[in-house]
Structures are given as C-alpha cells and as structure tokens.
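Residue numbers (the working numbering), protein chains in the order written: chain A, 8 to 342; chain B, 164 to 408.
Okay, so here's the structure we're looking at.
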C-alpha cells in the first residue's frame, strides 16, 4: 500500500549499512594517527548530535544543556573505575541510566516551560552541574581525575598504543544512534514527538500525552549522550569539569544537527562529517596563534547555511523530504 | 430526545478571572445525534467546547461522557475515551505530510504502525483527501486543512466528534461538501456536536440546536423552532429571520 514509504526506509537502511561498511575499512588504508583521531571525533560527535536530535530535533525541545549528560556519563565511568574498580563497560551503562534518570527528574519541572524559556533552563542547569563538579572534592574538583592506564585492554577499554579500537567503538556508537533514530522514526514515539514539536495542543487533542512524550525523548537522548561521554573519558583518559561538561560541548552537539538538518535522520551525521574535520583542521593550522579561528569558521558556516538552506544541508538531497513547495521554502527562509 | 445520552454537562461554570465564560450550562447530546451549538460571538461556545474536550477543567459542575464523569480528565485521556475534536483555527502538524498527520490520530487505537497507517489511509479516503496523502500539511489549501482536521479526529475513532466551525469561511460548494461529510460521519455511528456560524448551512443539517448567549443556555430545540424563538432572534439571528417568522 505504502510502497514509496517502505521503499525509502529500506533505502535509508541499505545506505547506512553501506556507509558503515566503507567507514569500517577506511582505517586499514589511513594509518596517519592524526587523521584517525579526527575520524574518531567525527564519529563521536555525529553520534552525540544524532542523540541530541532525538529530543531537540524530533521532539522540538531545544536543549543547550546536553553537556550535563555528557559529563555525567564521563564522570560515572571514571569515578566507578578509579574508586571502586568497576569496569568502564558497566560504568558506561550506569552513566547512561543515571543520565536518563536525571533528564527525567529535570524534565519534570522544565517541560512545563515552552520555547526560549526551556532553552534557558537547560543552559542554567548544565552550568549548575558544572559548578557542582568544580567544587566536588571526592570527584577531583577542578583538578579532575586521571584514568590509570596500564596497557591495551578491551576489558578496561583503554588502548594507549592504538586509535583503532576507539575508532570502531565510535563507529558502533554512531551506528547505534542512527539505528535507534531510524527505528523510532516509524514508531508511535517518533510520530508523537513530531506532533508535539509541530503543535502540542493538537497533539494532546489526538490522545498524545505531551508530557510523557517529552520525558521519553529526554531519557533516550540523555542515555545515548552519556554513553558518548563515557567513551570520550576513556578516549582522552583524563577528565576535569571543563573538559567534559563545558558549555561548548552542548553547542557542539547542536551544531552538526543544525548544519545538516535538524529533525532529520541524516542531518546530524552529515553535519558532523563536515563540521568536525573542519574544526580540527582550522584548530591545528590556524588555531595555535589566533585562538578562536575555528569558532569564527563555525559562525560563518551557520550564517551561510541559515541564509541558503534553512532546513539544513540535507535539503540538498531529495532523500527524505516529500515534495517541497516554493511557498514553504519562502516561509522557512523568512523564519 | 429518545436516544440514550452520550454526553451531558451538569451545571458547568467556567470563570477566567472575573470573566464568567460559562454559567450553569447544562446540555445533553444523545447517541447518534447531530447537535448544533450556536450563539453570537462571545457567547461561550468555544469555552464549552474546550471544557468538553478537556482543554480547561470546569470551575464548577461536571461533565458526563458515556456514563462516566470525565470532568477532571486531561484532554489526551478524553480522546482515548472517545471524544474527538477539530480546532476553529486549524492546527495541522505543518512539517508532516497529510498521511502522517492522520497517523498521529490513528495511533490512539493501535500502536502497531502497519495498522495505524492502514487506518489513516481509510480515513483519508473517507474524507476525500487520498490524493493529497503525501503532501506536506502546510501545502494544503484552507478547505483541505479543515478536512484534514476532521480526518485526524476521525482517525481516533471517536464516539463523539466536536466540530469547531469547520464550515465557516468556505465557499458555498466547499461548505456543501463539508455538510455531506458530516452526514457521512454520522451515518457511521458517530455523534456530532458542532459549533457553527453559518445558519443557512447548519440549520438543515442538525437534529437539534442549542443556543448560547452570554455564557448561558438561551433556548434549545428543533432548528425550525429555535429559529422562530423571539429570544434567539433578539440575541443573535437578526431582522431577516424575524420577518421570516
């Protein structure tokens, strides 16, 4: 009956598998450690942005406080490992669960706020989290904590001598975040979220419990972001509040999605593939003496995109969007 | 009215600060009826609608639907119980396609996507929107948006459908199509309560009319009788109808 629809979803899945397969063999040819490092970060930010996109893109609740969940994931893993000897794999899961629980606890009051007020609340709460960790002596306070590295080990998920295991984990994480989004897109939740984003009153009148939908989106989103944070902690093996919970992390999760196409399946990954290498390159080539050039590049890109393609770069492909009318294009351009 | 009651409001009051939008409103709607809710601007029609749909909780009084007290239930819960509604100012999900809009409604009855999608297609067919299924809701013309509102509400398989001025502002031909759609809806066993302004269209359509004025029930009865009632004529209908009587 809906052959076009099933067709598109199948094609999305095939494209994703093909891209993942290609990505998987790239490090076999690219041995440069610096480039591998950039690839790991690109995949990680792609996965994070994809997770952010679930709450902010699909459900429309723009969060600029996701650094909180990222940091909680990182801290849970490292603290459990250094203080209690709990393996990072369990820490990763624990961090995810704690983040999801915190996201729901915070959502309880915050999801009553709409629009800009909600965004401001997310920023403020993440800043509070940052300050708490700054002053929490047991958790290393402002000094941070170092992960004791003893050598390559899958069990302890640390690899001082190679980037490859991190690369494959980041790839897996990106695949999981993508697949979760793909799966949710055609589920009750996916439809509810988009309805909530477009018009909460109408959604409510159609039996959608708006509040619960937002809570669900927040939980899934926070869980995945925390897993990303946990991975990052293992990757850099040293964390302090600024390096895992700073405001720039919240922005870095939002930007790829905004650039690539917010609320779309492919947008966040596309955005990350463009943005992260660009950032790393500008940082290493022009960043040294003139700090902040990478941020200027960011700003310029975002301005260019919002002028030329307000719906994100994904709008350049005929991938996902149904036929778009000139009227809608004009309307979006105005916004 | 011989049909068993589907909806009843008992002494419902709604105050917004000092403004009394509904005072002591008691109306009832029988199963299978088409009831028109009319009255001049500011009479409290939309407020009563929102009280029945669950957007506001009544300040006082109770609302009985299908034998149960739903006064305190939130809107989503009332939809699950079988109250479907449209909005006077259309509230389509603009970034979603027409079919996706309707699927949101259908998901109340079945969370299996395949079933919800099939149901949504049936409803679109019923409402004559099949050809526009894959268009973005923002690209519909106004009369199609109104029909989408009805389709979305019908997809929730309501026992009672609340239509808030779905025929207002349409061309005569579009309005006639709308009237036929409402009749078709009733033929499937759905009870209809409609707020409407266009008297010429709504009067032949409804079984019973309830006139609200200044937040109170002024008159209720057969449309032909209501139109002749001097109180209604003074409050709302104007000289043209007074001469007709």
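Don't be surprised by glycine CBs; every beta carbon is placed ideally from N, CA and C.
Is there a Cβ of chain E sitting closer than 8 Å to that of residue i, yes or no?
i	result
residue 198 (chain A)	Structure shown: chain E not included; protein chains present are A and B.
Would residue i and residue j be called neighbours here (beta carbons separated by less than 8 Å)?
i	j	result
residue 238 (chain B)	residue 217 (chain B)	yes
residue 227 (chain B)	residue 312 (chain B)	no
residue 330 (chain B)	residue 361 (chain B)	yes
residue 204 (chain A)	residue 306 (chain A)	no
residue 374 (chain B)	residue 395 (chain B)	yes
residue 192 (chain B)	residue 323 (chain B)	yes
residue 103 (chain A)	residue 80 (chain A)	yes
residue 266 (chain A)	residue 178 (chain A)	no
residue 228 (chain A)	residue 69 (chain A)	no
residue 55 (chain A)	residue 222 (chain A)	no
residue 190 (chain B)	residue 353 (chain B)	no
residue 276 (chain B)	residue 193 (chain A)	yes
residue 149 (chain A)	residue 247 (chain A)	yes
residue 175 (chain A)	residue 166 (chain A)	no
residue 349 (chain B)	residue 355 (chain B)	yes
residue 368 (chain B)	residue 201 (chain B)	no
residue 256 (chain A)	residue 77 (chain A)	yes
residue 270 (chain A)	residue 122 (chain A)	no
residue 263 (chain A)	residue 275 (chain A)	yes
residue 240 (chain A)	residue 57 (chain A)	no
residue 286 (chain B)	residue 260 (chain B)	no
residue 185 (chain B)	residue 211 (chain B)	yes
residue 253 (chain A)	residue 137 (chain A)	yes
residue 287 (chain A)	residue 45 (chain A)	yes
residue 283 (chain B)	residue 300 (chain B)	no
residue 173 (chain B)	residue 225 (chain B)	yes
Specify, as a first and last residue, the run of the alpha helix (DSSP H) that residue i falls within.
i	result
residue 185 (chain A)	171-192
residue 287 (chain A)	274-292
residue 349 (chain B)	335-350
residue 201 (chain A)	195-205
residue 300 (chain A)	300-315
residue 160 (chain A)	Note, residue 160 (chain A): premise wrong, no alpha helix (DSSP H); not H, not E.
residue 43 (chain A)	40-60
What is the C-beta distance between residue i and residue j, in whole angstroms, given that I count them as a contact (C-beta under 8 Å)?
i	j	result
residue 237 (chain A)	residue 95 (chain A)	7 Å
residue 255 (chain B)	residue 264 (chain B)	6 Å
residue 222 (chain B)	residue 271 (chain B)	At roughly 28 Å, the Cβ-Cβ gap does not stay under 8 Å, so residue 222 (chain B) and residue 271 (chain B) are not in contact.
residue 280 (chain A)	residue 170 (chain A)	Rounded, the Cβ-Cβ distance is 18 Å, inconsistent with contact.
residue 317 (chain B)	residue 247 (chain B)	7 Å
residue 307 (chain B)	residue 315 (chain B)	Rounded, the Cβ-Cβ distance is 12 Å, inconsistent with contact.
residue 214 (chain A)	residue 251 (chain B)	Their Cβ separation, rounded to whole angstroms, is 20 Å, which puts residue 214 (chain A) and residue 251 (chain B) out of contact at 8 Å.
residue 88 (chain A)	residue 154 (chain A)	7 Å
residue 236 (chain B)	residue 175 (chain B)	Actually they do not touch by this definition, with Cβ atoms about 14 Å apart.
residue 386 (chain B)	residue 199 (chain B)	7 Å
residue 338 (chain B)	residue 364 (chain B)	5 Å
residue 225 (chain A)	residue 111 (chain A)	6 Å
residue 370 (chain B)	residue 382 (chain B)	With a Cβ gap of about 15 Å, residue 370 (chain B) and residue 382 (chain B) do not count as contacting.
residue 73 (chain A)	residue 232 (chain A)	5 Å
Between which two residues does the beta strand (DSSP E) holding residue i run?
i	result
residue 193 (chain B)	191-193
residue 318 (chain A)	It is not in any beta strand (DSSP E) - residue 318 (chain A) carries neither H nor E in the DSSP assignment.
residue 225 (chain B)	223-228
residue 188 (chain B)	182-188
residue 168 (chain A)	Run containing residue 168 (chain A): none; DSSP gives neither H nor E here.
residue 171 (chain B)	168-179
residue 112 (chain B)	As displayed, chain B neither begins before 164 nor continues past 408, which places residue 112 (chain B) out of reach and without an answer.
* Asked: Considering only residues of the stretch 355-387 of chain B, which uninterrupted alpha helix (DSSP H) runs meet the minimum length of 4 residues and lie entirely inside it, listed in chain order?
  -> 362-368
* What are the residues of the stretch 176-206 of chain A that lie near chain B, defined by any Cβ-Cβ distance shorter than 8 Å? -> 193, 194, 195, 198, 199, 201, 202, 204, 205 and 206
* Ranges of the alpha helix (DSSP H) found wholly within the stretch 234-311 of chain B, counting only runs of at least 4 -> 238-244, 261-269 and 276-289
* At 4 residues or longer, and completely inside the stretch 85-155 of chain A: list those alpha helix (DSSP H) runs for me, N to C. => 95-117 and 123-141
* Asked: If you measure beta-carbon to beta-carbon, which residues of the stretch 267-289 of chain A are closer than 8 Å to chain B?
  -> 270
* At what residue ranges does the stretch 194-221 of chain B contain a whole run of the beta strand (DSSP E), taking only runs of 3 or more? -> 197-201
* Asked: Name the residues in the stretch 300-324 of chain B whose C-beta lies less than 7 Å from a C-beta of chain A; which are they?
  -> 301, 302, 315 and 319
* To do: Starting from the N-terminal side, write out each stretch of the alpha helix (DSSP H) that is 4 residues or longer and does not extend beyond the stretch 206-279 of chain A.
  => Within the stretch 206-279 of chain A, complete alpha helix (DSSP H) segments of at least 4 residues are found at 207-212, 217-243, 248-252 and 254-267, given in chain order.
* Please name the residues in the stretch 234-247 of chain B whose beta-carbon is closer than 7 Å to at least one beta-carbon of chain A, in chain order. => Within the stretch 234-247 of chain B, the residues whose Cβ lies closer than 7 Å to some Cβ of chain A are 238, 239, 242 and 243, listed in chain order.
* Asked: In chain order, what residues of the stretch 208-226 of chain A put their CB closer than 8 Å to some CB of chain B?
  -> 208, 209, 210, 211, 212, 213, 214, 215, 216 and 217
* Asked: Taking any Cβ of chain A, which residues in the stretch 256-268 of chain B have a Cβ under 9 Å from it, in chain order?
  -> 256, 257, 258, 259, 260, 262, 263, 264, 266, 267 and 268
* Name, going along the chain, the residues of the stretch 379-391 of chain B whose beta-carbon falls closer than 9 Å to a beta-carbon of chain A. => If the cut-off is 9 Å between Cβ atoms, the stretch 379-391 of chain B has nothing near chain A.
* **Interfacial residues, the stretch 211-228 of chain B to chain A, with Cβ spacing under 7 Å** => 216
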